[in-house]
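Student:
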Amino acid sequence: MFPNINPKQIEKIARKMGMEMENITATEVVIKTDGKDIVIKNPQVSKIRMQGQETFQISGEVIEQENIREEDVQLVMQKAGISKEEAEKLLKETGDIVLAIKKAKK
Numbered sequence: 011m012f013p014n015i016n017p018k019q020i021e022k023i024a025r026k027m028g029m030e031m032e033n034i035t036a037t038e039v040v041i042k043t044d045g046k047d048i049v050i051k052n053p054q055v056s057k058i059r060m061q062g063q064e065t066f067q068i069s070g071e072v073i074e075q076e077n078i079r080e081e082d083v084q085l086v087m088q089k090a091g092i093s094k095e096e097a098e099k100l101l102k103e104t105g106d107i108v109l110a111i112k113k114a115k116k
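Residue numbers for the sequence shown follow my numbering, so the first one is 11 and each next one is one higher.
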């Protein structure tokens, strides 16, 4: 959490301030937004309780992935005559319906 500081010391100080800290073992954390998913691989997750609220601190390898709408996948599948997996892959690569269809037809 803090470089060059012993995690046990941090926990001791936090407890004195009325904070409770808990490490959570996780393999992946996903934050979903309207336009994209933020995926954090190999995360270090800490849950902090203070003044009746819970806060999560997350660090790790961050990957941002654009959300793909099912209607877009269906349209690319129909227009290009390809499978769902291929349509999703092309939409992720191009980020555009028209470009995905063009690329599939090449």
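Backbone N, C-alpha and C fix where the C-beta goes; we use that ideal spot for every residue, glycine too.
Please classify Val86: is it buried, with 16 or more other beta-carbons within 10 angstroms of its beta-carbon, or exposed?
Tutor: The residue is buried, with at least 16 neighbouring Cβ atoms inside 10 Å.
Student: Could you tell me whether the Cβ atoms of Asn52 and Glu71 are closer together than 8 Å?
Tutor: Yes, the pair counts as a contact, with Cβ atoms nearer than the cut-off.
Student: In the DSSP assignment, what residue or residues form a beta bridge with Gln54?
Tutor: DSSP output for Gln54 lists Ser69 as bridge partner(s).
Student: Between which residues of its own chain and Met29 is the CB-CB distance below 8 Å, once the five residues before and five after are set aside?
Tutor: These residues qualify, in order along the chain: Ile58, Arg59, Met60.
Student: Please go through the same chain and pick out, in chain order, the residues whose beta-carbon is closer than 8 Å to the beta-carbon of Glu81, but skip the five residues on each side of it.
Tutor: The answer is none, since no qualifying residue turns up.
Student: Have a look at Ile48 and Ile20 and give me their C-alpha separation to the nearest angstrom.
Tutor: Taking the straight line from one Cα to the other gives about 28 Å.
Student: Is it buried or exposed, Ser56, if we count other Cβ atoms within 10 angstroms and call 16 or more buried?
Tutor: That one is buried.
Student: So for Arg59, helix, strand or coil by DSSP?
Tutor: Strand, per DSSP.
Student: Please name the residue or residues paired with Glu64 in a DSSP beta bridge.
Tutor: Note: Glu64 sits in a beta bridge opposite Arg59.
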